[in-house]
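Worksheet: one structure, shown below.
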Amino acid sequence: MEHIHILTDAAPVPHGAYDQAIRIGNMVITSSYMGLHPSHAGIISGGFEVECRQAIHNIMEVLAAAGCTLRDVVRVNVALTDIQNYTEMDRIYREYFHPPYPTRRTIGVKELIGGAQVEIDVWAIVRDQANGK
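Using this note's numbering, you'd call the opening residue of the sequence shown number 1 and step up by one each time.
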């Protein structure tokens, strides 16, 4: 099955050996995103909430480039450097994701690149536009 590499300037462009996302059939798997500004100016300032929202925004842009939205997400993986931020992350998450919620894994980690506090990646299904499946 062909791998389609997803790339958009609306989200941080990788400088390492990875793609923003890959589409295989109707499945889209994104790389992990932090609260990094697309211009690579570093982690956006303003604290945890701002970082979390920017990470989700970056994912939204990559999903759009792949032909889907957050409504098409079936799996979310979240890494937090401070697990005490779980409740705040969940509050923000509920503004973007709605029932039926995707499956989710949330873990606490020692540190993230660039001093980020949160990192998120998703798996999504590109739906057949003709019948919504």
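Ideal Cβ positions, reconstructed from N, Cα and C, are used throughout, including at glycine.
Beta strand (DSSP E) segment containing N77, residue limits: V73 to L80 is the extent of the beta strand (DSSP E) around N77.
Cα-Cα separation, A79 to L112: 8 angstroms
With 16 other Cβ atoms within 10 Å as the buried cut-off, status of S31: buried
Coil, strand or helix - G108 by DSSP: strand
Assigned secondary structure, I44 (DSSP; H/G/I helix, E/B strand, else coil): coil
Backbone secondary structure at L7 - three-state DSSP: coil
Buried or exposed (CB count within 10 angstroms, at least 16 for buried), L36: buried
Continuous alpha helix (DSSP H) stretch holding D90: start and end: Y86 to Y96
Nearest residue (CA-CA) to D69, options F97, Y93 and I92: The sequence as given places Thr at residue 69; Asp does not occur at that position. Cα-wise, what sits closest to T69 is F97.
Selection from D72, I92 and G108 that minimises the alpha carbon distance to V126: D72
Beta-carbon spacing of I56, I107 below 9 angstroms: no
Member of W123, D128, Q117 and A124 whose CA lies at the smallest distance from the CA of R53: In terms of CA proximity to R53, Q117 leads the group W123, D128, Q117 and A124.
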